[in-house]
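In this note's numbering, the protein residues as written are 2 to 291.
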């Protein structure tokens, strides 16, 4: 039995949205550090934070103030700091932040840091929503990183971010590229989304024979008040079973033991990869089809 201990951290907004992005970043990092230390004490080996973990979910606005929240990866302050904590605790850390590639080109990105503190690479959110209350195209360029799978000290790790989870193609691409554990940092509010929260990711875990870590923030964020972020971060196994879950309404670390032997066991049992018919799927990738 090959056990990997996963950890997910959910944190409500600290300060308020009248503050500068730099001030909020400092408060959010300060709130994360005790939970990172707790993860270290509990032996967490792969730790992930929520979407844009250093800021509010500012996409209900279309306020260019939030462009000041961007950081470079890997040379920005948050990635550099988390490299220190990764090395301190021999822990892989997934750090979702607002990334600046160059002035005016910004992505919703997650940096992946190995257990020795080395920066391994990043995933940029592929699917960018633009619907009422979620004006993400104002802030984020669609990702261009493909479907990277990171060979970490403990597992083959993939990242898919928030709205991406509604698109089954990316889950499958990550699994086919070798991902055994896929994290989905999110910012999602109560309503229809909450029903889907415990439906889509377990279904994706079953379809792809992988563990999935789903991370959401708790609380409300004014002045936008688009709804209540309901936390409920969880890890599910390749059978679609939720094996550990956080509360809906507080800052929390959730820890789960993942038996990585289940990945091979479930894939061998169901043989979904064997029975795929990619030669029949051409229309799915035909960009001429409206």
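Just so it is clear, CB atoms sit at the ideal spot from N, CA and C, and this is done for glycine as well.
Rounded to a whole number of angstroms, what is the C-alpha to C-alpha distance between residue i and residue j?
i: residue 163; j: residue 272; result: 27 Å
i: residue 121; j: residue 157; result: 12 Å
i: residue 93; j: residue 56; result: 22 Å
i: residue 261; j: residue 268; result: 12 Å
i: residue 287; j: residue 166; result: 21 Å
i: residue 188; j: residue 81; result: 24 Å
i: residue 43; j: residue 220; result: 26 Å
i: residue 110; j: residue 199; result: 24 Å
i: residue 250; j: residue 284; result: 43 Å
i: residue 234; j: residue 248; result: 8 Å
i: residue 292; j: residue 280; result: Summary: the structure shown does not reach residue 292, with the chain confined to residues 2 through 291, and so no result is reported for it.
i: residue 66; j: residue 27; result: 17 Å
i: residue 140; j: residue 132; result: 13 Å
i: residue 78; j: residue 68; result: 16 Å
i: residue 3; j: residue 239; result: 14 Å
In the DSSP assignment, what are the bridge partners of residue i?
i: residue 135; result: 132
i: residue 11; result: 253
i: residue 1; result: With the chain running from 2 to 291 in the structure shown, residue 1 is simply not present.
i: residue 112; result: 96 and 123
i: residue 107; result: 101
i: residue 48; result: 8 and 94
i: residue 258; result: 6
i: residue 151; result: 158
i: residue 190; result: 230
i: residue 72; result: 100
For my contact list, residue i and residue j are in at a C-beta cut-off of 8 Å; report their separation, rounded to the angstrom.
i: residue 51; j: residue 186; result: 5 Å
i: residue 259; j: residue 7; result: 5 Å
i: residue 29; j: residue 60; result: Contact flag wrong, Cβ pair sits at about 16 Å.
i: residue 41; j: residue 89; result: 7 Å
i: residue 5; j: residue 32; result: That pair is no contact at about 26 Å.
i: residue 207; j: residue 175; result: Incorrect: roughly 15 Å between the Cβ atoms, too far for contact.
i: residue 70; j: residue 22; result: 4 Å
i: residue 118; j: residue 63; result: The Cβ separation is near 37 Å, so there is no contact.
i: residue 253; j: residue 58; result: Going by Cβ atoms, the distance from residue 253 to residue 58 rounds to 18 Å, so no, they are not a contact pair.
i: residue 264; j: residue 216; result: No, residue 264 and residue 216 are not in contact; Cβ-Cβ is about 20 Å, not under 8 Å.
CB residue i to CB residue j, shorter than 8 Å?
i: residue 153; j: residue 47; result: yes
i: residue 100; j: residue 74; result: yes
i: residue 145; j: residue 172; result: no
i: residue 245; j: residue 211; result: no
i: residue 49; j: residue 214; result: yes
i: residue 107; j: residue 142; result: yes
i: residue 229; j: residue 191; result: yes
i: residue 160; j: residue 95; result: yes
i: residue 98; j: residue 116; result: no
i: residue 134; j: residue 227; result: yes
i: residue 14; j: residue 236; result: no
i: residue 148; j: residue 178; result: yes
According to DSSP, is residue i part of a helix, a strand, or is it coil?
i: residue 95; result: strand
i: residue 80; result: helix
i: residue 238; result: coil
i: residue 243; result: strand
i: residue 85; result: helix
i: residue 281; result: helix
i: residue 43; result: coil
i: residue 185; result: strand
i: residue 213; result: strand
i: residue 159; result: strand
i: residue 53; result: coil
i: residue 67; result: helix
i: residue 171; result: helix
i: residue 263; result: helix
i: residue 275; result: coil
Are there any heavy atoms of the ligand SAH lying less than 7 Å away from the beta-carbon of residue i, as far as the coordinates show?
i: residue 284; result: Looking for the ligand SAH in the displayed structure turns up nothing, as the structure carries no ligands at all.
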